[in-house]
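**Q** Just passing along the structure, written as structure tokens.
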Amino acid sequence: MTDSKGTPLDEAVSLIDKTREQTAAMVEKIFAAAQPGAVYGQPVASETYTVITAAEVTSGGGFGMGIGLGPPSRPGGTAAAAADAAQPEDRQTGGGGGGGGGGGSMGRPVAVIAIGPDGVTVRPVVDVTKVALAGLTAWATMLAVLRARRRARRS
10 MTDSKGTPLD EAVSLIDKTR EQTAAMVEKI FAAAQPGAVY GQPVASETYT VITAAEVTSG
70 GGFGMGIGLG PPSRPGGTAA AAADAAQPED RQTGGGGGGG GGGGSMGRPV AVIAIGPDGV
130 TVRPVVDVTK VALAGLTAWA TMLAVLRARR RARRS
């Protein structure tokens with residue numbers, strides 16, 4: 010009669026294989042956003058003009074893994090060894106597992122390409138909110154530096 014439970018090593022290998030498969034699927038989904046169809050929109054024709062949108066696509070991810078196979082650590086070496094000897098052989102004292110990951114992708118418009126009788130023109134898309142926030146951040150930083158210099162002179 011064989012034991013229906015796998016050894017801790019078999020379980021660890023199974024966990025690693027499962028995590029590897031999930032990681033590969035996740036990475037494929039994340040980087041699928043960086044396809045030419047995601048960067049350049051479908052051309053839209055209207056009379057003598059054709060317009061194509063262009064976007065910036067960013068993607069990233071992170072992954073983690075953990076595993077433990079040995080028995081739990083206990084203080085006082087000899088007492089721990091005696092406790093291990095008193096346990097039945099079929100009882101698992103150690104184990105482990107883990108895994109995790111995440112990621113994402115985003116895109117934003119950066120330009121509009123217009124093709125017409127006068128030639129090709131590329132017009133950038135300006136995000137006014139982003140420019141305003143950058144200006145406010147720069148202003149606040151300069152104000153903080155000036156205050157710190159003024160305090161340093163008084164000291």
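First residue of the sequence shown: 10, per the numbering used here; consecutive thereafter.
The beta carbon of each residue, even a glycine, is placed where N, CA and C say it ideally should be.
The beta strand (DSSP E) spanning M115 covers which residue range?
**A** 110 to 125
**Q** Going by C-alpha to C-alpha distance, which of M115, F72, T57 sits closest to D127?
**A** It is T57 whose Cα lies nearest to the Cα of D127.
**Q** Cα-Cα, which of A64, G113, E20 is closest to I122?
**A** When only C-alpha atoms are compared, the closest one is A64.
**Q** Please classify T28 as buried or exposed, where buried requires at least 16 neighbouring CB atoms within 10 angstroms.
**A** buried
**Q** Can you name the residues that DSSP bridges to P133?
**A** A120.
**Q** Count the other CB atoms within 10 Å of the CB of A88; is the residue buried (16 or more) or exposed (fewer)?
**A** Confidence is the limiting factor: at A88 the pLDDT is only 46, short of 50, which leaves the residue's position unreliable and the question unanswerable from this model.
**Q** Skipping 5 residues on each side, what residues in its chain have a beta carbon closer than 7 Å to that of I2?
**A** The chain is shown only over 10 to 164; residue 2 falls outside these bounds and no answer can be derived.
**Q** Does M10 pass the burial test, meaning 16 or more other C-beta atoms within 10 Å, or should it be called exposed?
**A** Low confidence applies to M10: its pLDDT is 45, below 50, so where it sits in the model is not reliable enough to give any reading.
**Q** Quick one, which of V134, T138, G116 has its alpha-carbon nearest G46's?
**A** G116
**Q** With H, G and I counted as helix, E and B as strand and the rest as coil, what does DSSP make of G75?
**A** coil
**Q** Please state whether the Cβ-Cβ distance between G110 and G70 is less than 8 Å.
**A** yes
**Q** Give me the Cβ distance between G106 and L24, rounded to the nearest whole Å; I'm assuming they're in contact under 8 Å.
**A** Confirmed, about 6 Å.
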